[in-house]
Amino acid sequence: MNAPMVHAEGVRKHFGKLQVLKGIDLTVERGQVCCLLGPSGSGKSTFLRCINHLEKIDGGRLSVDGEPVGYRPQGTRLHELREREVAARRRDIGMVFQRFNLFPHMTALENVMEAPVKVAGTARERARDEARALLDQVGLADREGHYPAELSGGQQQRVAIARALAMKPKLMLFDEPTSALDPELVGDVLDVMRRLADDGMTMVVVTHEIGFAREVGDLAVFMDEGVVVESGDPRRVLAEPEQERTRAFLSKVL
Amino acid sequence: MTTTHVGAPHTGAPLAPDTFEIVPVHHWGRRLSAVGAVAALAGLIGSLAKNGNLHWDVVGHYLFAGLIFDGLVTTLWLTAAAMTVGLALGTLVAVMRLSDNPVLYGLSSLFVWVFRGTPLLVQIIFWGYAGALYHHVMIGVPFTGVTFFQADTNALLTPSVAALLALGLNEAAYTSEIVRAGIRSVDPGQTEAAHSLGMRPALTMRRIVLPQAMRVIIPPLGNETINMLKMTALVSVIAAHDLMSNIQDVYGQNYQVIPMLVVASLWYLALVSALSVPQAWLERRYGRGTARGAEISPLRRLCAGPLTALLGRTHKEEGR
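Taken in order, these protein sequences are the chains called A and B.
Heads up: the first sequence begins at 456 in the working numbering, then just goes up one per residue.
Heads up: the second sequence begins at 1075 in the working numbering, then just goes up one per residue.
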C-alpha cells in the first residue's frame, strides 16, 4: 500500500452557521511528522479531530491509510460506518489531548492496560508487561501505581502518550499536547514525542511549539480561518514565510 | 488586663517575644446558650422518662417481639428489593433519556413524568387494587390474540408484590434523574479519550463513565435508600406486613399507640444508622483517585458524626 497516511481534499466542517473548515487540502506521508500551526480558532484542532472521526466532516474527502474516514466504499457508494466499525478504525489511531483525559479512577498502569485488555483482548499478564515497558519508555516506570491526580501535568501527559501507544497505532494525533503544562514540564513531553518521531511514527501535531516544529517536523502547515495558508518544509515556512498572514503570526509567537 | 505584661511600646525598645501573654476571648454568649440548650434537653428527656403514658414496660416488651421482627425482615427485604429494582430500572431510564433516539427519550421522559408526578401513596394503593382495573394479566403480542402467559391479577399481585412494584417503579423515576445527573457530571473528554482508544459506546459507559459517575451518584442514592426504608411504612395501607403494618396491628388490639410508635421509631433509627456504614464504604470505593477524605475508614467516619455533634467545639480546636 502506497497510499498516504492522511489525505485530505477540500475538507469542510461547520458548527451551525459557523464555517470552521473551508476546504482543507493536506497530505501526510507514512513516517512524516506534520505540525499544524496557527492562531486559536483557525480550525486546526477541529481538523485533527476529524481525522479520527471525533468530528464528522460535512464535505470533501478525508482518508487515513487509503480508507475514507467514517465510510466504507463499495462500488460508487460510500456506506456510513457502524459504531463497531468506527471503533475498529480508531484502534489504529492514537490520540493525545490537551487536557490529558486520563481515566482518574485508574492508576497509571491501569490506564495504559485498559484498551489492550478490553478492546484488543490481550491477556492481562502480557498487557501488564507491555504497559510497564511503555511507562518505562516515557520515563515513568516508578509511577505505575499512582492515580492521575497524584501526577504532575507533564507526567500525566506522558502516561497519556503511553496509553495511546499501547494500541500500537500506525498514526498518532496530538492536540496541543503541551499547552496545559507548566513551562518547565514541556521539555519532558516534547522529548518523548521527539523519540517517537525518530522511531518513525507518523504524527500529526497541533502545537504552538515553533521550536519543535522546526527541529522535528517534516511538514509545517499554517492554518488561519479554516484554510491552509501555507505549507511545506518547516525550515522554509518558519524562516522565510511567503504569506503575510504567516509572517504576522510568527512575529507574535516567536 | 492585669495578666498581660505589655512591654511599653512607646519606649521604642525592641521587645522579646516571650514578654506577651495571649488572652483568649471569652465567649460568654456561647457558654450561656449551650447551658440553656442542655438544660432544655435534660428537662425533655426527664419528663419523657417519668411520663407514665409512655409505658416503657410496653416498649420493652414489644421491642424484640417475634411479630415486630417479622415486620422488620419484610421492611428490610422490601427496601433492598425496591432499591435494586429502582437502581436497575433507573439506570436504564437514565441511559434512555440521554440517548439520541427520540422515541426512547420520549418514553423515558413520560415514565419519569408519571411516576414522579403522582403521590407514592396513590401509586401504592393503585397497585394494591390493580385487580379492579384488570381482572387478568397476560403477556402476548398486542392486537393479535397471541398469548404466552396469563394469570389472575389478584393471585399475581399479592400485597408484597404490589408494594415492591409501587416502591420500585417510583424509586426508578427518582434514581434515573440521579444517575442522569451523575453521567452528565463526567467530563466529555473522558468519552472522547475512550472512543479514541477504540472503545465502543457501551464499553465506554460501563468502564469509564459509570464508575466516575458513581462518585456523584452514591451520596444522593444513600439518601434515597434511607428514604426508602422509611417510605416502606406507607405500604401498611395495603397490609404488606412490613414493620409499620405489624405495629399498627398490635396497637389496633392493645390501644398502646404511643409506646408502639416508639418501638417503630427506635427500629427505624437503628436501621438508618446501620445504613451509613455501607454508604461510607461505597463512597470510599468510588472515590479512588480523588483522594481527599477518602482515606478515613467508614467506621471512623460513623463514629466521627455523633462525636462532632457532641463535642463539636473541642473537636474543631484539636483539629487546628
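Glycine residues also receive a C-beta, built at the ideal position from the N, C-alpha and C atoms.
Taken in chain order, the complete alpha helix (DSSP H) segments of 4 or more residues contained in the stretch 480 to 545 of chain A are 499 to 506, 538 to 545. Here DSSP, grouped into helix, strand and coil, assigns GLU631 of chain A to coil. By the Cβ-count criterion, HIS1135 of chain B is exposed, with fewer than 16 other Cβ atoms from all chains shown falling within 10 Å of its own Cβ. In the displayed model, VAL1159 of chain B falls within a helix according to three-state DSSP. Contact of ALA542 of chain A with chain B by beta-carbon distance below 8 Å involves HIS1269, GLY1272, MET1273, ARG1274.
Listed by position along chain B, the residues whose Cβ is nearer than 7 Å to that of VAL574 of chain A are LEU1271, GLY1272, MET1273. For GLU1266 of chain B, at least one C-beta of chain A is nearer than 8 Å to its own C-beta. DSSP lists A:ARG516 as the beta-bridge partner residues of GLU464 of chain A. Separation of the CB atoms of ILE1142 of chain B and LEU1317 of chain B is rounded to 7 Å, and the pair is thereby assigned contact status at 8 Å. Proximity of HIS560 of chain A to chain B, defined by a Cβ-Cβ separation below 8 Å, is satisfied. Between the alpha carbons of THR1148 of chain B and LEU1303 of chain B lies a distance of about 11 Å. Taking 8 Å as the cut-off, the beta carbon of VAL1283 of chain B is found closer than this to the beta carbon of THR1265 of chain B.
Within the DSSP bridge table, the entry for GLU685 of chain A names A:PHE677 as partners.
Under the DSSP assignment, ASP643 of chain A falls in the alpha helix (DSSP H) whose first and last residues are 638 to 653. The CB of PRO1285 of chain B comes closer than 7 Å to the CB of HIS560 in chain A, given here in chain order. Taken through DSSP and simplified to helix, strand or coil, THR1093 of chain B comes out as helix. In this structure VAL1260 of chain B does not touch GLN1224 of chain B by the C-beta definition: roughly 44 Å separates them, more than the 8 Å allowed. Taking a C-beta distance under 8 Å as the contact criterion, VAL567 of chain A and ARG598 of chain A do not qualify as a contact pair. Against chain B, the CB of ARG546 of chain A has a partner CB under 8 Å away; the residue lies at that interface. With distances taken between CA atoms, ASN1127 of chain B lies nearest to B:GLN1330 out of B:TRP1102, B:PRO1233, B:GLN1330. If you ignore the 5 residues before and after THR482 of chain A, its C-beta comes within less than 6 Å of the C-beta of PRO459, HIS462, all in its own chain and listed in chain order. Put simply, the backbone Cα of ASN1228 of chain B is about 19 Å away from that of GLY1214 of chain B. The Cβ-Cβ distance between LEU1137 of chain B and LEU1340 of chain B falls below 8 Å. Cβ-Cβ distances below 6 Å link ARG649 of chain A to VAL671 in the same chain, with the five nearest sequence neighbours on each side left out; the list follows chain order. In this structure LYS623 of chain A is exposed. Its beta-carbon is surrounded by fewer than 16 other beta-carbon atoms within 10 angstroms.
Contact between the stretch 685 to 698 of chain A and the stretch 497 to 509 of chain A is absent: fewer than three C-beta pairs spanning the two stretches fall below 8 Å. For ARG539 of chain A, the neighbours in chain B by C-beta distance under 9 Å run, in chain order, ARG1274. By the neighbour-count criterion, in which a residue is buried when 16 or more other Cβ atoms sit within 10 angstroms of its Cβ, MET1305 of chain B is buried. Along the stretch 1348 to 1365 of chain B, going in chain order, the ones with a CB nearer than 7 Å to a CB of chain A are ARG1362, GLY1363, THR1364, ALA1365. Contacts with chain A at 8 Å (Cβ-Cβ) do not include GLY1120 of chain B.
When C-alpha distances from ASP679 of chain A are compared across A:GLY493, A:ALA586, A:LEU636, the shortest belongs to A:GLY493.
By the neighbour-count criterion, in which 16 or more other beta carbons inside 10 Å mark a residue as buried, ASP1131 of chain B falls on the exposed side. When C-beta atoms of the stretch 552 to 559 of chain A are compared with those of the stretch 603 to 612 of chain A, three or more pairs fall below 8 Å, so the two segments count as touching. Ranking B:TYR1325, B:LEU1163, B:HIS1209 by CA distance to the CA of LEU1243 of chain B puts B:LEU1163 first. Scanning chain A for C-beta atoms nearer than 7 Å to the C-beta of ILE1312 of chain B yields nothing, as the closest lies near 42 Å away.
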